[in-house]
Amino acid sequence: GFDNALGKGLQQVSALEHKADALVEDIATGGNTRIHEVMAATSQAGLAVDMLVQVRDRAMEAYQEVMRLQV
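Counted from 1, the sequence shown has number 32 at position 43 by the working numbering; the numbering is strictly sequential.
Next up, the structure:
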């Protein structure tokens, strides 16, 4: 259901953030990571967070609408 999809989305966002963090750490410690890889990973993680926030907001709006209809 929706809860499983949301949970999967959270896991994917978390994985993207961890990847971006690892790349940032690698470049900061003189690793082989290139700056464009870091920029792409952080951008992708940021977009994923933004999308997840939008899904949350829409779900809350739908819930509030249903609650208004029941009154």
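Note that CB positions come from ideal geometry on N, CA and C, so glycine has one too. Model, not experiment: these values are computed from the prediction.
Exercise. By a C-beta neighbour count over all protein chains shown, 10 Å radius and 16 as the cutoff for buried, is Ala29 buried or exposed?
Worked result: exposed
Exercise. Whose C-beta lies closer than 7 Å to the C-beta of Ala17 among residues of the same chain, with five residues either side of it excluded?
Worked result: Excluding positions up to five away in sequence, the list is empty.
Exercise. For the candidate residues Gln1, Asp(-8), Gly(-10), whose alpha-carbon lies nearest to that of Gln33?
Worked result: Gln1
Exercise. Straight-line CA distance for Glu61 to Thr31?
Worked result: In the structure displayed, the chain extends from -10 to 60; residue 61 sits before or after that span and is not available.
Exercise. How would you call Leu36, buried or exposed, if buried means at least 16 neighbouring beta carbons within 10 angstroms?
Worked result: It is exposed - the Cβ of Leu36 has fewer than 16 other Cβ atoms within 10 Å.
Exercise. At what residue ranges does the stretch 1 to 43 contain a whole run of the beta strand (DSSP E), taking only runs of 3 or more?
Worked result: none
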